[in-house]
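So the sequence lines, in the order shown, correspond to chains A and B.
Residue 751 in our numbering sits at position 464 of the first sequence; the count goes up by one each step and never skips.
Residue 388 in our numbering sits at position 101 of the second sequence; the count goes up by one each step and never skips.
All residues carry an ideal CB built from backbone N, CA and C; glycine is no exception.
I have placed the structure first, in the form of C-alpha cells, so that the comments after it can refer back to it.
Number of protein chains: 2
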Amino acid sequence: MQGINFDFNNMFSFNVGPRHGVTYLELSRMSAAIDKAHRHLSSIIKNDHNRVSLGLEWVNLSFQDRKTVNKIQLLGREISRKFKNIIFLGIGGSFLGLKAAQDALLAPYYNEFSAQREGHPKIYFEGNNLDPDTLAALMRNLDPAKTFVVVISKSGETTETKAAFKIVEEWLKKGAGKNYGRQIIAITDPQSGSLRRYAQEKQKKDVLSFRSLPLLKGVGGRFSELNIGLLHLAIVGVNIREVLDGAKAMYKRCSRPGIFKNPAYMYAALQNILYRKKGKTIAIIMPFSETLKSTADWYVQLLAESLGKKYGRRIRVSSDGRETWEQDPGRIVNTGRTPVSARGTNDLHSIQQNNIEGRNDKTVTFIKVQNFQADIKIPGDDDVLGGRKLSELMHLAQEATAWALVISSRPNCTVIMPQVTPFCWGQLLFFFEMATAFEGELLNVNAFDQPGVESYKNYMYYKLGKPGLNAGIAHSIKSHPLRKKKKLII
Amino acid sequence: MQGINFDFNNMFSFNVGPRHGVTYLELSRMSAAIDKAHRHLSSIIKNDHNRVSLGLEWVNLSFQDRKTVNKIQLLGREISRKFKNIIFLGIGGSFLGLKAAQDALLAPYYNEFSAQREGHPKIYFEGNNLDPDTLAALMRNLDPAKTFVVVISKSGETTETKAAFKIVEEWLKKGAGKNYGRQIIAITDPQSGSLRRYAQEKQKKDVLSFRSLPLLKGVGGRFSELNIGLLHLAIVGVNIREVLDGAKAMYKRCSRPGIFKNPAYMYAALQNILYRKKGKTIAIIMPFSETLKSTADWYVQLLAESLGKKYGRRIRVSSDGRETWEQDPGRIVNTGRTPVSARGTNDLHSIQQNNIEGRNDKTVTFIKVQNFQADIKIPGDDDVLGGRKLSELMHLAQEATAWALVISSRPNCTVIMPQVTPFCWGQLLFFFEMATAFEGELLNVNAFDQPGVESYKNYMYYKLGKPGLNAGIAHSIKSHPLRKKKKLII
Numbered sequence: 288m289q290g291i292n293f294d295f296n297n298m299f300s301f302n303v304g305p306r307h308g309v310t311y312l313e314l315s316r317m318s319a320a321i322d323k324a325h326r327h328l329s330s331i332i333k334n335d336h337n338r339v340s341l342g343l344e345w346v347n348l349s350f351q352d353r354k355t356v357n358k359i360q361l362l363g364r365e366i367s368r369k370f371k372n373i374i375f376l377g378i379g380g381s382f383l384g385l386k387a388a389q390d391a392l393l394a395p396y397y398n399e400f401s402a403q404r405e406g407h408p409k410i411y412f413e414g415n416n417l418d419p420d421t422l423a424a425l426m427r428n429l430d431p432a433k434t435f436v437v438v439i440s441k442s443g444e445t446t447e448t449k450a451a452f453k454i455v456e457e458w459l460k461k462g463a464g465k466n467y468g469r470q471i472i473a474i475t476d477p478q479s480g481s482l483r484r485y486a487q488e489k490q491k492k493d494v495l496s497f498r499s500l501p502l503l504k505g506v507g508g509r510f511s512e513l514n515i516g517l518l519h520l521a522i523v524g525v526n527i528r529e530v531l532d533g534a535k536a537m538y539k540r541c542s543r544p545g546i547f548k549n550p551a552y553m554y555a556a557l558q559n560i561l562y563r564k565k566g567k568t569i570a571i572i573m574p575f576s577e578t579l580k581s582t583a584d585w586y587v588q589l590l591a592e593s594l595g596k597k598y599g600r601r602i603r604v605s606s607d608g609r610e611t612w613e614q615d616p617g618r619i620v621n622t623g624r625t626p627v628s629a630r631g632t633n634d635l636h637s638i639q640q641n642n643i644e645g646r647n648d649k650t651v652t653f654i655k656v657q658n659f660q661a662d663i664k665i666p667g668d669d670d671v672l673g674g675r676k677l678s679e680l681m682h683l684a685q686e687a688t689a690w691a692l693v694i695s696s697r698p699n700c701t702v703i704m705p706q707v708t709p710f711c712w713g714q715l716l717f718f719f720e721m722a723t724a725f726e727g728e729l730l731n732v733n734a735f736d737q738p739g740v741e742s743y744k745n746y747m748y749y750k751l752g753k754p755g756l757n758a759g760i761a762h763s764i765k766s767h768p769l770r771k772k773k774k775l776i777i
Numbered sequence: 288m289q290g291i292n293f294d295f296n297n298m299f300s301f302n303v304g305p306r307h308g309v310t311y312l313e314l315s316r317m318s319a320a321i322d323k324a325h326r327h328l329s330s331i332i333k334n335d336h337n338r339v340s341l342g343l344e345w346v347n348l349s350f351q352d353r354k355t356v357n358k359i360q361l362l363g364r365e366i367s368r369k370f371k372n373i374i375f376l377g378i379g380g381s382f383l384g385l386k387a388a389q390d391a392l393l394a395p396y397y398n399e400f401s402a403q404r405e406g407h408p409k410i411y412f413e414g415n416n417l418d419p420d421t422l423a424a425l426m427r428n429l430d431p432a433k434t435f436v437v438v439i440s441k442s443g444e445t446t447e448t449k450a451a452f453k454i455v456e457e458w459l460k461k462g463a464g465k466n467y468g469r470q471i472i473a474i475t476d477p478q479s480g481s482l483r484r485y486a487q488e489k490q491k492k493d494v495l496s497f498r499s500l501p502l503l504k505g506v507g508g509r510f511s512e513l514n515i516g517l518l519h520l521a522i523v524g525v526n527i528r529e530v531l532d533g534a535k536a537m538y539k540r541c542s543r544p545g546i547f548k549n550p551a552y553m554y555a556a557l558q559n560i561l562y563r564k565k566g567k568t569i570a571i572i573m574p575f576s577e578t579l580k581s582t583a584d585w586y587v588q589l590l591a592e593s594l595g596k597k598y599g600r601r602i603r604v605s606s607d608g609r610e611t612w613e614q615d616p617g618r619i620v621n622t623g624r625t626p627v628s629a630r631g632t633n634d635l636h637s638i639q640q641n642n643i644e645g646r647n648d649k650t651v652t653f654i655k656v657q658n659f660q661a662d663i664k665i666p667g668d669d670d671v672l673g674g675r676k677l678s679e680l681m682h683l684a685q686e687a688t689a690w691a692l693v694i695s696s697r698p699n700c701t702v703i704m705p706q707v708t709p710f711c712w713g714q715l716l717f718f719f720e721m722a723t724a725f726e727g728e729l730l731n732v733n734a735f736d737q738p739g740v741e742s743y744k745n746y747m748y749y750k751l752g753k754p755g756l757n758a759g760i761a762h763s764i765k766s767h768p769l770r771k772k773k774k775l776i777i
C-alpha cells in the first residue's frame, strides 16, 4: 500500500536563508513544546471521556466497525440503483468534505457524461448558500420522483441547510407522491436537535420514511468527512474501507512522538515557527492537480476555523481526570494563519506573481500527485513540447515553482501523493486533521470550537425575531448599530 | 439604467475605531497623492502612444466600434447555431474573465440542463492546467465533429494552452475530417507570435480555416476580458453591447478627479491607507452570490499580478512626451495585498471564524446583489424561517456579517449591484480594473507587468532544453540547485 510523504527541505534556512527559513536551532528549541503537545494530545485521545467531550473523537473514525461500514455501503448501493439524482444538503463541514471527495475520487466531468459516472447517479450539492438562483434552477430541471435527498446538519438549525431542506421537501412532496419521505435520509445528531425530532416523528408514521444516520458525538463539522461523508462515498461507488484504511495508516504514523517520524507534527512545528518567528501569516495550499482543488478548499475551513481564535485556552483537569477547556479572558491572542486555496498549474497565472515578488509573509504547501489517472502525449516534434507527456510537464512545473520560490527566499513544502486513490486521499485528510490539531496545541488555543461565527448568526436571529434569544445579545445588537454617514455611498 | 454603488462607511474609524479604520485626517492627508495619481493616470490615458505602450489600452475597450462588435456577435451566433460544444483553451487572463462571465451572466447549471442553455452550446474550459485527467475525460466524451475550439493566447507560447491546443487539434483532425480547421478560431496577437504565424499558414490553404480575432495591443491578459471575452459572450447569447455600455458608464464615473465622486479612486485610496498604516495586508473579496464567485477569482488575478511587486517604478519621459517605466533597482518594496476569494453565505461556514477572531490584518469587500434572477419562499410557518424569501435571508446574512466584522473592529466595504445583468457586470469589471490601476499609482509600482512569473517558466524551459535560452538564466539555474537533505522527507 502506497503512502503519502512530506518533503520539507524548502522550509529550512539552508534553502531559503535564515531570515525566512527555519534553522535547526529554532527547531531543537521547540522540542520541549513539541513533547508537551504530544503528551497532551495523546492523553486526550486515550481517555474516552475527554476525547469525546473535547471534540477529538474524529481520530477514531477509521476504526468504525465493519458492520456499520457495510450497512452504509449497502444503503448507498440501494440508493444509487434506484435514483437518477442525489441532492446533498449541507454547508461548511457538511459540504466541503463531500465536495472534496467528489472531485478527487470520481472521474472528471462526472455529472456531465454518463460514461464518466459508470451507472451512478448525478450528484448535486445545495443548501450551502442562501442564494436562491441555483436551487431554483435545480428544482426546475430535476424530476422529483427520480431524486433522492440527503440532508446533513448536526442540530438541524443551520439556516442555509434548514431553509433549503424545507423547500426541497415541499418540492418532493408535490412531485414524488405520498411516500416522498422514503426519498430522504437525514444525517444528524443521534439524540437531540430539531432535525432528529422531525425524522423521528415522520418515522412513526412510516418506518421507511426519513431514515437517518448518526453524526457522532465529539466529531465537529470540519473533522467529520469520514463520518458524514460515508453515505456519499457509498452512493458514488467508492470503497469506504479503502478511505478509512488510508486514514488509519496515517493515524499510526501521526501518533509517533518524534517529529522526524511524524509528518503531521513536523508540518505543524515548521509552520508554527515560520508563523511566530518569520511573519508567515498566510498559508497557500496549492495542489498540482485540478481534482484536488476542492480538497484544498476543505483544508481552508479546517485551518481557518481551528486556529483563527481571539482567546488563548485555559485547561482545567478535575480530580477524576476529566478535562475541560475554556477561553482565557486574560490572553487575547487574535491568532491563526490565513489559508488560501489555489491549484497548479492554473493559478501560476494568477497568484504566483504575488507569491514570488509580493510580501514575504506566506508559506506555500504543494500537493504533488505522482501518477495521474490518465495521461496524454503532446503530438508533433517541432518544439520542446512535442512528444512530452502532460504529467511530465505537470511535475516539472511543480518543481519549477518550488525552485522559483526558493531563489526568492520563500519557504515551501510538498505533500507527495503517489496517486489520488481512496486510500491516499484518506491519508491526506487525516494528515491535515492531525497537523491542525497539533498546531492548535502549539498555539494553545481550542482548535475544536468556532465561537466567532455566533455573532452574525445572533444578529440574523435577532432581526428575524427568533423567540428565546439571550437578552444580552439583543442588548449588544441594539447598542451597536451600524453607523452610516450620508455621503459615504457613491 | 441601474448603476452599481460603493458603500464605504465601515472602512472608517467612526465605525471600526481609529486603530483599524481610516480617519478623515488620514484621508485628507492623501489628497495631494490622490491628485498626482489622477493627473498621471489621465495623462497616460489621453496620450495614444503611452496608453498603448504602458498597457492601459483596456480603458478604451468599451469604445470598440459598432462594426467590430456586430461582427463578433454574428460570428458567435453562427458558431452557436452550428455546434453542440465549444472548448475554450486559455489560462490566466484568457480563462478567468470568460469563466467569470459564464457563471455570472448565464443560468445556473448551464451545461447540466438543456433548458438552462436555451439552445446554446455547452461550454468547456480547458488548457488552463497541465493536469491530464480533465482534458482526457473531455476528449473521450465529446464528438469532435460537433465541437468548436477557441484558442486564446497572445504569444501562442503559453505552455498550458499550447500543449492543450496541440492535443485538441490532433483530436479534431482525426475526428472531424479534413476541414477540421474550420472548427478553430484563434484569438491572438494581430501581428506576431507563433499562434498568429500558424493560423496564417493554415489560412493560406483554406481561408475558412483558423480564423482569428485580435488580442489588442496594450491590453494585458488580466485586463482583457472585454477584448478576448467577446466571442464567448456572443456564442452564449449575451448582448456584448450591454456589457460594454456598463464598462463605459463606469469609465465615466471613474475618470472624475474627486475621490468622493469616483468609486474606484475611493476604493483604492481607502485600501491603500489600510494597507500602509493599519497592516491590512489581506484582501478578502466576498460576493454574496453563488454566481459571482468566479468574478471574485478573476479579481484575485487582477490584484495579485498588478500589485504584488518586488521593485518600485521609475518613470522616464522623453522630450516628445513618450513615457517609459522601469523597475527601480534602488527601491525593493516587496509590496501588494494578498487577495482571497470567497462567497457568501457559503464561506461564512469556513473562513468567517478567522475573519472575525484571527489576526486583524484583512479588509473584506462584499459584493451585494439587490435582486436575484429567481427567488424562493420557504414553506411552513412553524419558525422564524417559514414564509421568508431566500433573497431576504441572503441580504440579512450580508448585513449581519458586516455588523459582526464592525463590532470586532474589522474594516469592510460593500459594492452594491442592483442585479447581475450584463450592464452591471461590465460596470463591476471596470470598477475593479480602474481601482487596481489607481492602487498601482498610489504604490508607485508598474501595475501592468508580471516579471515574477518568468522565473518558473525559465526553469521549465531550461529543463526542457529549449534552444536560444538566455545564458544568464541557465547560469542562474545551474548555480542555484534545490538542496535536499536526506532525512527531510518523511
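At the 9 Å Cβ level, is residue i part of the contact set with chain A, yes or no?
i	result
B/Ile454	yes
B/Tyr538	no
B/Val277	Residue 277 of chain B cannot be examined here, being either before or after the span of chain B that is shown, 288 to 777.
B/Ala689	yes
B/Met747	yes
B/Thr622	yes
Apart from the five residues on each side of it in sequence, which residues of its chain come closer than 6 Å, Cβ to Cβ, to residue i?
i	result
B/Lys489	Gly468, Ser496, Phe497
B/Lys565	His307
A/Tyr552	Ile546, Phe725
If you measure from the beta carbon of residue i to each beta carbon in chain B, is any gap under 9 Å?
i	result
A/Ser440	no
A/Glu399	yes
A/Arg630	yes
A/Gly595	yes
A/Thr355	no
For residue i versus residue j, is the C-beta spacing smaller than 9 Å?
i	j	result
B/Gly752	B/Gln588	no
B/Leu716	B/Leu513	yes
A/Pro550	A/Phe718	yes
A/Leu328	A/Arg509	no
Using CA atoms only, rank isn't needed, just tell me which of the options is closest to residue i.
i	options	result
A/Leu518	A/Val438, A/Ser401, A/Phe350	A/Val438
A/Leu769	B/Lys772, B/Pro698, B/Ala761, B/Gln714	B/Pro698
A/Phe659	A/Asp648, A/Gln706, A/Gly623, A/Lys333	A/Gln706
A/Ala722	A/Ala629, A/Asp668, A/Lys750, A/Cys541	A/Cys541
B/Glu577	B/Ile373, B/Gln389, B/Arg509	B/Gln389
B/Thr448	A/Thr632, A/Arg368, A/Ile373, A/Phe299	A/Thr632
B/Lys386	B/Phe735, B/Gly414, B/Ser401, B/Met704	B/Gly414
B/Leu594	B/Gln289, B/Leu312, B/Asn733, B/Glu313	B/Asn733
A/Ser678	A/Trp458, A/Val656, A/Val346, A/Asp648	A/Val656
Leaving out the 5 sequence neighbours to the left and right, which residues in its chain are closer than 8 Å to residue i when beta-carbon positions are compared?
i	result
A/Thr446	Leu417, Lys744, Met747
A/Val494	none
B/Asp615	Tyr598, Gly599, Arg600, Arg601
A/Phe370	Pro408, Lys433, Thr434, Phe435, Gln470
When Cβ atoms are compared, which residues of the stretch 638-668 of chain B fall closer than 9 Å to chain A?
Ile638, Gln639, Gln640, Asn641, Asn642, Ile643, Glu644, Gly645, Arg646, Asn647, Asp648, Lys649, Val656, Phe659, Gln660, Ala661, Asp662, Ile663, Lys664, Ile665, Pro666, Gly667
Against chain A, which members of the stretch 544-565 of chain B pass a CB distance test of less than 7 Å?
Answer in chain order: Phe547, Lys548, Pro550, Met553.
Just by C-beta distance, which residues in the stretch 706-730 of chain A are closer than 8 Å to chain B?
none
When you check each C-beta in the stretch 445-472 of chain A against every C-beta of chain B, which residues fall closer than 7 Å?
The stretch 445-472 of chain A vs chain B, Cβ under 7 Å: Thr446, Glu447, Lys449, Ala450, Lys453, Ile454, Glu457.
Output, in sequence order along the chain, the residues in the stretch 369-395 of chain A whose CB is closer than 9 Å to any CB in chain B.
Ile378, Gly379, Gly380, Ser381, Phe382, Leu383, Ala394, Pro395
Which residues of the stretch 304-334 of chain B have a Cβ closer than 7 Å to any Cβ of chain A? Give them in chain order.
Contacts with chain A (Cβ-Cβ distance below 7 Å) from the stretch 304-334 of chain B involve no residue at all.
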